[in-house]
Structures are given as structure tokens and as C-alpha cells.
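Numbering (this note's numbering), first residue to last: 2 to 181. Take a look at the structure below.
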């Protein structure tokens with residue numbers, strides 16, 4: 002196998018640039034981790050730990066003020082069901098953050114021939130099983146759909162704020178996994 006043989010001085014310059022870039026990436030990751038810790042501690046300070054409710058907030062079942070539903074996957078053997086422009090989010094795309102894009106789309110025909118359903122902007126998405134169980138997302142794509150491994154939580158207007166629920170479920174995700 003042949004590879005480019007760059008002079009040693011050139012290799013060292015490349016390594017220097019790449020090392021500085023890797024260092025910047027690592028610093029960015031650490032900053033994001035610290036910001037995430039800050040968000041979690043701010044949430045706990047303001048609302049208390051929802052697993053034991055020390056501030057004694059009134060408790061209510063999610064189903065009493067939110068619509069919950071799961072998505073669906075069109076038949077993978079039918080190519081007419083995919084690449085059609087309808088955003089289709091899979092559980093692996095939930096990263097405990099806002100969902101602003103997706104890897105795949107389905108067609109209107111795929112939507113009609115599956116359990117996938119269009120979701121409103123700001124639906125809270127929860128990975129229900131598999132390697133990504135407990136991952137949360139806040140949908141920022143109006144009319145997107147999800148696969149069957151994702152539950153969508155859609156609050157009734159005026160009953161709850163989606164962003165609050167997103168942060169609440171992020172905090173509760175480990176607890177929810179244990180309750181399965």
C-alpha cells in the first residue's frame with residue numbers, strides 16, 4: 002500500500018496544526034460538559050430533584066396534560082418509501098439536545114404506509130429502547146416524523162412548556178430507564 006511520503010519537516014508542520022486543532026476540540030468538549038453541568042445544577046436549584054420532589058410540587062401523570070405517541074418505520078424493502086423529503090428521526094439521532102436536522106427522510110407514501118406521524122415543532126422526543134434508551138431531544142423541525150423506537154411527548158397548549166419538559170426528562174432519563 003502506497004502513501005504520500007511528505008518530507009519530515011512537512012510532516013511536523015501537519016502534526017503541529019492537527020495537534021492544535023485537536024486541543025481546541027477537546028477544550029470545546031470540556032466547555033460543553035461544564036455548561037451541561039451548569040444547566041443541570043440550575044434546574045435542580047430552581048425546581049428541586051424531580052425524583053423525590055423536595056419542593057412538594059403537585060404531581061400529575063404526563064398523559065393528563067400531554068399527548069404521547071410513538072413513530073413508525075416504513076418497509077425498508079420498498080425504496081419508494083424513502084428519500085421523499087419528510088424528515089424522519091431515528092433514536093440514534095437523539096443526543097440530549099435540540100434536534101435540528103435528520104439523517105434520513107421518508108416519502109409521503111412511506112408516511113401513509115407506516116405508523117410514522119408528523120409531529121409539531123417542540124415535541125419532546127425520548128428514545129424508548131436499544132443502545133440509545135433514555136436519550137432525549139427537543140424537536141426543532143416542524144412536521145418531522147420518528148421511527149418506532151422514539152416516543153413523542155406533546156404538551157396540550159397552555160398546560161406545560163416543551164422546553165421545561167425537555168430539561169425535566171433529561172434529568173429523569175436514568176430514573177425512567179430503571180422504571181421500564
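No residue lacks a Cβ here, since even glycine has one placed at the ideal position from N, Cα and C.
Residue closest to residue 74, alpha-carbon to alpha-carbon, out of 48, 107, 81 and 45
For the residues 48, 107, 81 and 45, the minimum Cα distance to residue 74 belongs to 107.
In terms of residue numbering, what span does the beta strand (DSSP E) encompassing residue 140 cover?
Where residue 140 is concerned, the enclosing beta strand (DSSP E) stretches over 137-140.
Taking its Cβ as the centre, do 16 or more other Cβ atoms sit within 10 Å of residue 34, making it buried, or is it exposed?
With fewer than 16 other Cβ atoms from the protein chains shown falling within 10 Å of its own Cβ, residue 34 counts as exposed.
For residue 97, the nearest candidate out of 38, 46, 49 and 70 (CA to CA):
The residue with the shortest Cα to Cα distance from residue 97 is 38.
Bridge-paired residues (DSSP) for residue 130:
Per DSSP, residue 130 has no beta bridge partner at all.
Which value, in whole angstroms, describes the spacing of the CA atoms of residue 58 and residue 122?
Our two residues, residue 58 and residue 122, have alpha carbons roughly 27 angstroms apart in a direct line.
I'd like the span of the alpha helix (DSSP H) that includes residue 25, first residue to last.
Residue 25 -> alpha helix (DSSP H) spans 9-48.
Pairwise C-alpha distance: residue 125 and residue 166:
Cα to Cα, the separation comes out at about 7 angstroms.
Reduced DSSP category for residue 206 - H, G, I as helix; E, B as strand; rest coil:
Outside the modelled stretch of the chain, which goes from 2 to 181, sits residue 206, for which no answer is possible.
Residue 99 (DSSP reduced to helix, strand or coil)
Residue 99 sits in a strand when the DSSP states are folded into three classes.
Rounded C-beta distance between residue 95 and residue 142? I'm assuming under 8 angstroms.
Taking the Cβ atoms as the reference, residue 95 lies roughly 13 angstroms from residue 142, outside the contact range of under 8 angstroms.
Cutoff 8 angstroms; reference residue 133; Cβ partners in own chain excluding five residues on either side
Result list for residue 133: 92, 93, 95 and 150, in chain order.
Could you name the residues that DSSP lists as bridge partners for residue 155?
Beta-bridge pairing links residue 155 to 68.
Unbroken beta strand (DSSP E) run spanning residue 94, endpoints:
Following the DSSP letters along the chain, one finds residue 94 in no beta strand (DSSP E), marked with neither H nor E.
Using only the alpha-carbon positions, how far apart do residue 49 and residue 87 sit?
Residue 87 has its alpha-carbon roughly 39 angstroms from the corresponding atom of residue 49.
With DSSP as the reference, identify every bridge partner of residue 105, one or two as the case may be.
89.
Answer with buried or exposed for residue 82, where buried requires no fewer than 16 other C-beta atoms within 10 angstroms of its C-beta.
By the beta-carbon neighbour count (other beta carbons within 10 angstroms, threshold 16), residue 82 is buried.
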